[in-house]
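Everything in the sequence shown is counted per the working numbering, starting at 5 for the first residue and increasing by one.
All residues carry an ideal CB built from backbone N, CA and C; glycine is no exception.
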Amino acid sequence: MGDLKLSDVFRKLKEKHEEEWKSVEEEFIEKVDEIRNFVIEKVKRGALFTEEDAEKILNLSKNVPEGSKFLLRFIGSVGGDKKQVIVNLLSNEYFSKLIEALENEKHEDIKAMVEKIIQSTYNVKYTTLTTWLAIFKPDLFMPVWGFEKEMGTLPQSLLKRFDELNKFRKWWDLRVNKFFDLLQILRTTANSVGVENMFEMAFYLNKYLEDKLNDSNTTKRFWLIAPGVGAEYWNTCVNRGIICVGWRKAVEKLGKEIFEIEDEESFKKRVRNEFNYGDSHELWKFLKEISEGDIVFSKRGMKEIIGIGIVESEPSIDLEMKYPIYRKVKWYKIDLSLESPKQFSGAVAELRREEIEENSELKKLIDSVICEIQKDLEISLILESKKQIILYGPPGTGKTRLARNYIEIRTNRNRKFYEFVTFHPSYSYEEFIEGLRPIPAENGVKYVVEDGIFKRMAIRAMCEAIRWQNLDLNLAKSAEKLLKLLNEIESGKIERYDEYYDKYNEAKRELWQYLEMCDKEKVKKFFKNAQPFYILIDEINRGDISKIFGELITLLEADKRLFAENELTVILPYSKTKFGIPPNLYIIGTMNTADRSIALIDIALRRRFGFIELMPDYDVLRRKLIKEGDEAKDIKELAIKVLHALNEKIRKLYDRDHQIGHSYFIKLEDCKSKDDAIEMLKQIWFYEVIPLLQEYFYDSPEKLSEILKDFVSVSDDSYDFKKIDDFTDEEFEDILRKIAGESSGQ
């Protein structure tokens with residue numbers, strides 16, 4: 005970890021997020037005080053706690069500001085009926101003694117009561133008890149929860165990062181004394197950076213992952229690597245998700261021994277003497293100095309950068325490639341043509357941070373990729389635990405683009421591994437899962453059950469995982485046969501559909517029979533590192549989701565997937581065949597909140613999906629649009645200010661779900677002159693922004709006037725929109741400046 009201390013992390017978190025905490029602190033503390041006073045008053049009177057009392061406590065905990073709700077998430081545990089857990093806890097004979105020990109700050113008594121309560125109260129563990137300890141003594145205790153896939157208030161990534169915390173990684177299994185040692189370290193460190201309320205520290209720690217990613221730019225190294233002369237193996241790198249280099253003679257002779265030479269001078273000397281390589285120092289860098297998480301730039305020739313990605317693995321060898329040494333890379337940009345700040349003819353070189361800082365275009369690109377990595381990680385964490393996610397937000401916030409990029413990066417842009425579908429009001433179960441379809445037959449027409457897009461992807465995902473395993477040859481052959489038939493049906497080049505569908509259905513039955521004969525744990529291993537498959541559902545909220553998914557809604561849950569702990573299968577209504585969802589099939593949906601609020605989504609669906617909100621992002625526009633020396637810079641800055649001002653008004657007069665996204669304005673990026681920028685901004689304004697506002701405020705002329713100023717004329721409860729030709733460029737710019745001037749903080 006170098007010289008970085010835990011207190012440094014705490015201090016940075018506080019500096020960055022203190023304003024955010026201040027915005028929720030008063031209201032949050034007020035509700036916590038209400039809960040504490042209510043409970044203490046009843047305990048002092050010796051009154052019994054009822055379910056009505058528990059409901060009151062839960063309601064108070066739900067009424068804290070949205071951004072602070074996670075601090076009280078475990079007030080009633082999550083392992084059972086929350087109200088019953090609260091009643092059982094508060095009625096426990098040791099609970100009143102715990103309150104007394106807290107009031108007198110008798111630490112040994114506090115620990116003793118905590119141990120007794122855990123031993124005697126079902127579904128009450130450290131997560132719940134620390135929440136209550138923090139409610140009663142926020143200067144001493146913080147609510148503790150956090151897992152691999154949920155950051156909580158004590159992220160696992162933080163515990164792993166520092167030696168003094170690493171021993172507490174499995175804090176839920178610790179004995180009470182050890183657990184209190186952890187709380188002491190957290191409290192002492194918080195106090196050292198001026199934080200006295202441990203709820204505040206918990207609030208900051210929840211942001212740790214986000215900040216770690218933001219700061220990762222300062223710890224990564226940057227590498228220029230040539231995938232062959234003239235980047236001749238660049239397509240291979242993109243398709244396989246790797247970066248490869250040569251030195252083939254050394255690899256053919258030494259094999260994996262090349263990875264085991266630890267001394268740099270010995271390595272260089274041996275490679276130079278045995279193979280006559282004068283660039284052994286570059287090979288050493290590729291094998292030993294590059295680390296997972298570093299940023300790699302693929303280069304062509306001496307000075308052109310053509311791609312940017314993140315290193316994902318240690319080096320490996322594949323002698324079937326002409327350039328046999330490779331590392332896995334997640335490629336984020338593959339169609340670049342930028343001038344490199346360092347020009348050299350070799351294969352591997354490090355780019356210094358100073359060289360990148362001097363190249364504003366490259367620096368912005370790296371910042372953009374880092375932001376993309378943040379979102380990617382957030383999506384990945386949810387998909388790992390839930391298997392499906394919905395990206396939601398106002399129009400133009402980049403939901404579909406983010407989903408598509410996420411999928412394309414993970415599938416190396418191979419369409420075999422993902423499908424794209426748009427839901428609409430008439431979209432049906434028959435299209436998505438299965439339905440009847442007429443096909444030509446000898447005697448005219450025959451109706452067959454045709455698999456929908458979801459069912460086909462589920463079959464493909466399962467077969468691809470199984471066909472490569474070598475534990476059961478019959479199972480692998482069966483998966484291969486079914487996959488071949490599916491490919492032929494999807495190709496549309498079949499002459500005798502009736503015969504093919506019979507073969508296809510028989511192949512599905514055969515695969516299921518083999519699967520049922522296999523050991524479940526053995527089959528489960530096939531999917532551990534299986535290729536992920538994705539279905540991207542655009543506008544998911546426009547379809548009747550319950551009808552489209554039908555009985556498969558329940559099967560979506562991670563623990564109900566095939567070969568999972570609580571595996572569920574169903575008999576489908578049309579085909580009367582068995583069906584389950586494989587664990588390597590993921591769903592990413594997008595949802596426009598201007599069409600329908602997330603609150604209106606079916607509860608059963610909400611429970612099974614994870615959700616990420618995407619709001620207008622002005623930083624994206626600043627990174628993409630603002631460049632020094634750009635003649636159009638002034639107009640582009642005005643566009644960002646106007647968008648901010650518009651959204652402030654929309655939030656005030658309507659709601660946050662109907663804001664206007666930043667994506668509408670990204671088209672300004674290509675405008676090189678002021679005239680071009682004004683013309684493009686006019687097109688965006690009159691043909692995209694105003695129609696949206698007209699739709700939002702169709703029955704409120706006075707609100708339209710307040711937002712749009714001179715772009716609309718209002719009289720007698722009616723309104724009339726000005727046309728694009730009604731304004732000169734100067735008049736258009738002046739009115740926009742008038743609108744932008746109302747934005748606070750700009």
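Under 9 Å between C-beta atoms of A480 and N588: The answer is no: Cβ separation not under 9 Å.
C-beta contact flag for F421 and T415 at 9 Å: yes
Pair within 9 Å by beta-carbon distance, A465 and L486: Judged by beta-carbon spacing, L486 lies beyond the 9 Å limit of A465, meaning their Cβ atoms are not closer than that value.
Secondary structure of M202, DSSP reduced to three states: helix
Contact belief for P142 with T157 at Cβ below 8 Å, rounded distance in angstroms: Not quite, the Cβ-Cβ distance comes to about 13 Å (not below 8 Å), so this is no contact.
Rounded straight-line distance, which links the Cα of S320 to that of I413: 21 Å
W136 Cβ short of 8 Å to the ligand ADP heavy atom set: Questions concerning the ligand ADP fall outside what the structure shown contains, since it holds no ligand whatsoever.
Straight-line gap, K430 to F436 (C-alpha atoms, nearest Å): Per the sequence shown, the amino acid found at residue 430 is Ser instead of Lys. C-alpha separation (whole angstroms): 12 Å.
Complete runs of the alpha helix (DSSP H) confined to the region 226 to 304 [at least 4 residues]: 238 to 244, 252 to 258, 268 to 279 and 284 to 288
Range covered by the alpha helix (DSSP H) that runs through I605: Segment: none, I605 is in no alpha helix (DSSP H) and carries neither H nor E.
Beta-carbon proximity check, K46 vs L94, cutoff 9 Å: yes
Minimum C-alpha distance to M325 - residue among R244, G297, D371 and P399: Comparing Cα-Cα distances from M325 to each of R244, G297, D371 and P399, the minimum goes to R244.
Reduced DSSP secondary structure (H/G/I, E/B, other) of V118: helix
R530 in three-state terms, based on DSSP: At residue 530 the sequence reads Phe, which differs from the Arg that was named. In this structure, F530 counts as helix in the three-state DSSP scheme.
First and last residue of the uninterrupted alpha helix (DSSP H) at Q88: K86 to S95
DSSP three-state assignment for L540, whether helix, strand or coil: strand
Helix, strand or coil at G71 [DSSP, three-state]: helix
Rounded C-alpha distance that separates K48 from K211: As the crow flies, the alpha-carbon of K48 is around 38 Å from that of K211.
For G6, the three-state DSSP class (helix, strand or coil): Confidence in G6 is poor, its pLDDT being 41 and thus under 50, which makes the residue's placement unreliable; the coordinate value appears in the next sentence. Three-state DSSP puts G6 in coil, outside helix and strand.
Anticipated Cβ contact below 8 Å, E571 with K564, distance rounded: Correct: roughly 7 Å between the Cβ atoms.
Unbroken beta strand (DSSP E) run spanning A445, endpoints: E438 to A445
Contacting residues, own chain, Cβ-Cβ under 6 Å from E204 (five flanking each side not counted): W25
Span of the beta strand (DSSP E) around S677: The continuous stretches of beta strand (DSSP E) do not include S677, and DSSP gives it neither H nor E.
Three-state class that DSSP yields for A511 in the structure shown: Three-state result, A511: helix.
Under 9 Å between C-beta atoms of N596 and Y396: yes
Three-state secondary structure (DSSP) of Y691: helix
Anticipated Cβ contact below 8 Å, H666 with D621, distance rounded: Right, the Cβ-Cβ distance comes to about 5 Å (below 8 Å), so this counts as a contact.
Proximity to K73 [Cα-Cα], best of K35, Q698 and D606: The residue from K35, Q698 and D606 with its alpha-carbon nearest to that of K73 is K35.
For N353, the three-state DSSP class (helix, strand or coil): The amino acid occupying residue 353 in the given sequence is Ala; Asn does not appear at that position. Note: A353 maps to strand in three-state DSSP.
Closest Cα partner of E514 within the set I299, I265, A483 and K303: A483
Among E256, L258, E278 and I314, the one whose alpha carbon lies nearest that of I228: It is Leu, not Ile, that sits at residue 228 in the sequence shown. The candidate whose alpha carbon is nearest that of L228 is I314.
Reference R331, options I360, V300, G311 and N509, closest by Cα: V300
Cβ separation of L560 and Q392, assumed to be a contact under 8 Å, to the nearest whole Å: 6 Å
Reduced DSSP category for I321 - H, G, I as helix; E, B as strand; rest coil: Note: I321 maps to strand in three-state DSSP.
Check whether V352 and A254 have beta carbons under 9 Å apart: no
Cβ shell of K507 (< 7 Å), same chain only, five flanking positions each side left out: L489
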